[in-house]
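Asker: First the structure, which I've put down as structure tokens, then a few questions once you've had a look.
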Amino acid sequence: MTRRDFINGMAVAVVAGMTPLEILARDAKKPYYPPLWQNLVGSDDDSYFFAHALRDGEQYDFSTLPIQEQYDLVVVGAGISGLSSACLFHDKHKGTKSLILDNHKDFGGHARRNEFATPYGQILTYGGSESLQSPKSLYSKKVVEFLGGLNVDIDALAKCFNQDFYPDLGLSRGGFFNKKDFGVSKLVSGDPRVVIDDSIRQERNNARSFEQFIGDFPMPKADKEALLELFTAPKDYLQGLSKKQKQTYLTNTSYKQFLQERVQLSPLALSFFDGVSDDFMALGIDMISCELAQECGFPGFESIMPTDSTIEEPYIHHFPDGNASVARLMVKKLIPHIAACGNTPEEVLLTQFDYSKLDLEQNMSRIRLQSTALDVRNVAGGVEIVYGSLQDRKLHKVFAKKVIMANYNAMIPYIVKELQDTQKVALSQCVKTSLIYTKVLLSQWECFTKLGIHDIYAPKSFYVNTKLDYPVDMGAYKHPRDPKKPICLHLIGSPLRLNPKELDTTQLTARDLSRLTRHALLGTPFSKLEQMTLSHLQEMLGGAGFRKSDVLGITLNRWGHCYAYGYNSLFDTPKQSKATIKTARKVCGNIAIANSDANWDAFLHTAIEQAMRALGDLGLG
323 MTRRDFINGM
333 AVAVVAGMTP
343 LEILARDAKK
353 PYYPPLWQNL
363 VGSDDDSYFF
373 AHALRDGEQY
383 DFSTLPIQEQ
393 YDLVVVGAGI
403 SGLSSACLFH
413 DKHKGTKSLI
423 LDNHKDFGGH
433 ARRNEFATPY
443 GQILTYGGSE
453 SLQSPKSLYS
463 KKVVEFLGGL
473 NVDIDALAKC
483 FNQDFYPDLG
493 LSRGGFFNKK
503 DFGVSKLVSG
513 DPRVVIDDSI
523 RQERNNARSF
533 EQFIGDFPMP
543 KADKEALLEL
553 FTAPKDYLQG
563 LSKKQKQTYL
573 TNTSYKQFLQ
583 ERVQLSPLAL
593 SFFDGVSDDF
603 MALGIDMISC
613 ELAQECGFPG
623 FESIMPTDST
633 IEEPYIHHFP
643 DGNASVARLM
653 VKKLIPHIAA
663 CGNTPEEVLL
673 TQFDYSKLDL
683 EQNMSRIRLQ
693 STALDVRNVA
703 GGVEIVYGSL
713 QDRKLHKVFA
723 KKVIMANYNA
733 MIPYIVKELQ
743 DTQKVALSQC
753 VKTSLIYTKV
763 LLSQWECFTK
773 LGIHDIYAPK
783 SFYVNTKLDY
793 PVDMGAYKHP
803 RDPKKPICLH
813 LIGSPLRLNP
823 KELDTTQLTA
833 RDLSRLTRHA
843 LLGTPFSKLE
853 QMTLSHLQEM
863 LGGAGFRKSD
873 VLGITLNRWG
883 HCYAYGYNSL
893 FDTPKQSKAT
903 IKTARKVCGN
913 IAIANSDANW
923 DAFLHTAIEQ
933 AMRALGDLGL
943 G
């Protein structure tokens, strides 16, 4: 049996109603170890079994359930914020007991680890939260100290990232134009654009000139000339407006409207930007302001209102498995016997955790996966928590002195029903914006070296970004170097492309669109996404020798990232947003809220800061 046979066989079993855990349980030699699972992982249908039932009006009788266990602290959500809450709690309150509940089959939330086994050794990658974002400028002293307590050295981490790896191979960024939308399949190398969160120094990106790069676009001469002027010699497209009027325009106007009305790009020329913000915002240019577009380095504003707002730090604070290493370090701290070693990033990276030890009675801190919180309510002396277990499909009740809700804001009103209506409404405003992170294990990557490309932007495609994985060496782990041997390919899918027809977004808010696209993604089966993945790679890389048989495995992370809703000047005001955030995270008796949603900011440091704040709200900080 080949690896592909195994993958396809598992897909058939999933369709037949078996969960990945049940499939793996057929073989006693295969322990419960989610990082190695392929196909659809993360927020699969099982993880939403009880939550969707609750949302859809399922009536449960919680009152008759007996209390089975008692804890000092229960945390709902085993992501970065939930794990941080437990670590901080135990640091200050020795001898206490805690329980962490999570509806998924793995801990870490969006800080998810993907592993592939190859004949040449283990390949590690990230299935979601990928890097420490600008730690030198954004991280507070307390967050840095917390990470230091996990033996995370920010400066040492940066040195693990080889910024010159792909430049030394002569590889550049490129753009791909698909046949469906542009009339021809064409890959163009040497992209000179400055991209947000860049990991490669501009002087080493092997770029061509804008004239050469744009000159190869499959577009009429007039469209290419218009794009060239926009990138290299932009005019003051708001000429005649005062400085104040210009600022108001940039704040209240979408980037798409600006390109249409002020720059006057044709629909075909405009389509080059259709996807440029999808891979890191999960929103199109019709849903982001000119002000935000300028901050991201998009063209058109240099002669309107110059700014120094560029990339603050190189995007190189990255573990080979992304921020899953931070989650694993916290789990190792909470449950030391989960692995023989793993107290440093170098050790934890290559240590296989024994998941059977997550929820042992002897643990001072227990992590209970596949457990969905359904009802959390204040009672005399503490809080009662009812959760549904996927393992036995039954309801269970536990008691805690204090509770921290570290799950999605949007779900909290359904679980903590005693909240005031104003708080429930405020919580519902943080609508998740969703991205798919698809990891493809290739048997070799010579097609990339032949094309001279390592990172591809594909406007109007479902996969708006496809790139060879970050070149990170840490301890004994080495990033793949030989193009004739396996490597992991990272694809970012935008569910904006899953809608059956073009949406008229003029009557929608960013929240509306996020809801629609998430539902579209929920309704798309793995089989279709797998086929979309293979077809995209074949069209894009087939001319350089890629064949679908080069694919050894696919792990599709739903959601790879499910970003917390961020302030959007097209739909929000600063005053209103601040008030909503403050109302949403109010403490309710012995229940506090900690997650990145609590500050509308999907960053690792935010998740940790909100854990600190929530513990303080409960008098535990």
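Residue numbers (this note's numbering): 323 to 943. Backbone N, C-alpha and C fix where the C-beta goes; we use that ideal spot for every residue, glycine too.
Looking at the strands, I want to know which residues DSSP matches up with Ala914.
Answerer: Start at 1 with the first residue of the sequence shown, and residue 914 comes out as number 592. DSSP lists Ile726 as partners of Ala914.
Asker: Between the alpha carbons of Lys949 and Tyr355, how many angstroms are there, rounded?
Answerer: The first residue shown for the chain is 323 and the last is 943, placing residue 949 beyond what the model contains.
Asker: Considering just the uninterrupted stretch of the beta strand (DSSP E) at Lys508, what are its terminal residues?
Answerer: As a first step, residue 508 is located in the sequence shown; it is residue number 186 there, counting from the start. That run of the beta strand (DSSP E) goes Lys508 to Ser511.
Asker: What is the rounded straight-line gap between the Cα of Leu550 and the Cα of Val747?
Answerer: Residue 550 sits at position 228 when you count from the first residue of the sequence shown. Residue 747 sits at position 425 when you count from the first residue of the sequence shown. Near 46 Å, if we compare the C-alpha coordinates of Val747 and Leu550.
Asker: DSSP has Lys716 in a bridge; who is on the other side?
Answerer: For the purposes of this step, residue 716 is taken as the residue at position 394 of the sequence shown. In the DSSP output, where bridge partners are listed per residue, Lys716 has Ser711.
Asker: Indicate the three-state DSSP secondary structure (helix, strand or coil) for Asn921 in the structure shown.
Answerer: Here the question's residue 921 lines up with position 599 in the sequence shown. Helix.
Asker: Which full runs of the alpha helix (DSSP H) of 4+ residues lie inside the region 561-605, going along the chain?
Answerer: With a minimum length of 4 residues, the continuous alpha helix (DSSP H) runs that stay inside the region 561-605 are 565-574, 589-592 and 600-603.
Asker: On the criterion of 16 or more Cβ atoms from any shown chain inside 10 Å, does Lys463 qualify as buried, or is it exposed?
Answerer: Translated into positions along the sequence shown, residue 463 becomes position 141. Exposed, by the Cβ-count rule.
Asker: Using the beta-carbon count (16 or more within 10 Å), is Phe384 buried or exposed?
Answerer: Taking the sequence shown and counting its residues from 1, one reaches residue 384 at position 62. The residue is exposed, with fewer than 16 neighbouring Cβ atoms inside 10 Å.
Asker: Who does Val398 pair with in a DSSP beta bridge?
Answerer: Counting from one through the sequence shown, the residue named residue 398 turns up at place 76. Paired residue(s): Leu423 and Met727.
Asker: Using CA atoms only, rank isn't needed, just tell me which of Lys427, Gly597 and Arg650 is closest to Val363.
Answerer: In the sequence shown, counting from the first residue as 1, residue 363 sits at position 41. Nearest C-alpha to Val363: Lys427.
Asker: Kindly provide the ranges of any alpha helix (DSSP H) runs that are 4 or more residues long and lie completely inside the region 419-496, ordered along the chain.
Answerer: Counting only runs of 4 or more, we get 457-460, 463-471, 476-481 and 487-490.
Asker: Can you give me the Cβ contacts of Ser647 inside the same chain, cut-off strictly under 7 Å, excluding the 5 residues immediately before and after it?
Answerer: Taking the first residue of the sequence shown as 1, we reach residue 647 at position 325. Only Phe641, Pro667, Val670 and Leu671 meet the Cβ criterion.
Asker: DSSP state of Ala901, grouped into three classes?
Answerer: Reading the sequence shown from its first residue, position 579 is the one you call residue 901. Helix.
Asker: Note the first and the last residue of the continuous alpha helix (DSSP H) segment covering Pro516.
Answerer: Working through the sequence shown from its first residue, we reach residue 516 at position 194. Reading off the sequence, residue 516 comes out as Val, not Pro. Careful: Val516 lies outside any alpha helix (DSSP H) and carries neither H nor E.
Asker: Check whether the Cβ atoms of Ile445 and Cys810 sit closer than 8 Å, and answer yes or no.
Answerer: The sequence position of residue 445 within the sequence shown is 123, counting from 1. The sequence position of residue 810 within the sequence shown is 488, counting from 1. In this structure, Cys810 lies closer than 8 Å to Ile445 by Cβ.
Asker: Should Ala722 go down as buried or exposed, given a rule of 16 or more other Cβ atoms within 10 Å for buried?
Answerer: For the purposes of this step, residue 722 is identified with residue 400 of the sequence shown, where counting begins at 1. With 16 or more Cβ atoms within 10 Å of its Cβ, Ala722 is classed as buried.
Asker: Which class does Ser687 belong to by DSSP, given the choice of helix, strand or coil?
Answerer: Along the sequence shown, one-based indexing puts residue 687 at 365. Looking at Ser687 - three-state DSSP - the assignment turns out to be strand.
Asker: So what's Tyr792 in DSSP terms, helix, strand or just coil?
Answerer: Your numbering for residue 792 matches position 470 in the sequence shown. Tyr792 falls in the coil class under three-state DSSP.
Asker: Tell me whether Gln300 is buried or exposed, calling it buried when 16 or more other Cβ atoms sit within 10 Å of its Cβ.
Answerer: Because the chain is modelled from 323 through 943, residue 300 falls outside the range shown and cannot be assessed.
Asker: In terms of alpha-carbon separation, which member of Lys546, Pro805 and Leu940 lies closest to Gly867?
Answerer: If you number the sequence shown from 1, residue 867 lands on position 545. Answer by Cα proximity: Pro805.
Asker: I need the boundaries of the alpha helix (DSSP H) containing Gly867, first residue and last residue.
Answerer: One-based indexing of the sequence shown puts residue 867 at position 545. Run containing Gly867: none; DSSP gives neither H nor E here.
Asker: Does any C-beta atom of chain B lie closer than 8 Å to the C-beta of Pro542?
Answerer: Checking the listed chains, one finds no chain B in this structure; it contains a single protein chain.
Asker: Sorted by chain position, which residues of the same chain lie with C-beta nearer than 8 Å to Gly703's C-beta, five sequence neighbours on each side aside?
Answerer: As a working mapping, residue 703 is identified with position 381 in the sequence shown. Hits under 8 Å: Lys723.
Asker: Put Arg819 into one of helix, strand or coil per three-state DSSP.
Answerer: Sequence index remark: in the sequence shown, residue 819 carries index 497 (1-based). Note: Arg819 maps to helix in three-state DSSP.
Asker: Excluding the 5 residues preceding and the 5 following Asp378 in the sequence, name in chain order all residues of the same chain whose CB lies nearer than 6 Å to its CB.
Answerer: As a position in the sequence shown, residue 378 is number 56, starting the count at 1. Taken in chain order, the list of residues that qualify is empty.
Asker: Just tell me which of Phe784, His927, Tyr799 and Pro353 has its CA closest to the CA of Lys850.
Answerer: Taking the first residue of the sequence shown as 1, we reach residue 850 at position 528. The option with the nearest alpha carbon to Lys850 is Phe784.
Asker: Enumerate in chain order the residues of its own chain whose CB-to-CB distance from Ser576 is below 8 Å, with the five nearest sequence positions on each side excluded.
Answerer: Residue 576 sits at position 254 when you count from the first residue of the sequence shown. Correct list, in chain order: Ile607, Asp608, Met609, Ile610, Ser611, Cys612 and Leu892.
Asker: By Cβ distance below 6 Å, which residues in the same chain neighbour Ile389 in space, the five residues on each side in sequence not counted?
Answerer: Locating residue 389 in the sequence shown gives position 67, counting from the first residue. Only Lys719 and Phe721 meet the Cβ criterion.
Asker: Below 8 Å between beta carbons: does that hold for Asp558 and Pro781?
Answerer: Taking the first residue of the sequence shown as position 1, residue 558 is located at position 236. Taking the first residue of the sequence shown as position 1, residue 781 is located at position 459. The answer is no: Cβ separation not under 8 Å.
Asker: Of the choices Asp519, Ile726 and Val517, whose alpha-carbon is the least far from that of Ala933?
Answerer: Indexing the sequence shown from 1 puts residue 933 at position 611. Measuring from the Cα of Ala933, the nearest candidate turns out to be Ile726.
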